[in-house]
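Have a look at the structure below before the remarks.
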Amino acid sequence: MAMDISSAVNGVVSDPNNNAPTTGKANDPVAVRRAEEAAAALKAEQRRLEEIQADETRAENARQERNRREQASRNATGEIIGTTVNSVA
340 MAMDISSAVN GVVSDPNNNA PTTGKANDPV AVRRAEEAAA ALKAEQRRLE
390 EIQADETRAE NARQERNRRE QASRNATGEI IGTTVNSVA
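Under the working numbering, think of the first position of the sequence shown as 340, with each following residue one higher.
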């Protein structure tokens with residue numbers, strides 16, 4: 340879920356005169372703090388989503404490796420041979 344930083348900042352930082360957002364730096368310290376908090380929250384959310392994706396990728400790779408090991412340990416009739424099957428919780 341990608342989000343544009345300027346959209347996030349504009350959604351948090353409001354103009355007290357209800358004017359359209361202007362370009363350049365804000366002089367209001369509260370607005371600056373809110374903008375920084377919004378940007379930090381967005382970065383944290385992106386990091387969290389990247390970590391979730393990495394976890395899912397690792398889990399899928401582990402499943403595929405277990406399936407390969409299990410398949411290699413079966414004979415032509417599908418019976419498990421040897422002791423290569425390992426169940427890890």
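Quick reminder that beta carbons are idealized off the backbone N, C-alpha and C, glycines included.
Quick caveat, the model's predicted, so the values are computed rather than measured.
Per DSSP, Asn366 lies in no alpha helix (DSSP H) and is assigned neither H nor E. If you draw a straight line from the Cα of Glu376 to the Cα of Ala393, it is about 25 Å long.
By the Cβ neighbour-count rule, Ala374 is buried, with 16 or more other Cβ atoms within 10 Å of its own. If the five residues before and after Glu418 are omitted, its C-beta is found closer than 6 Å to no C-beta atom of its own chain.
DSSP, read as helix, strand or coil, puts Glu375 in helix.
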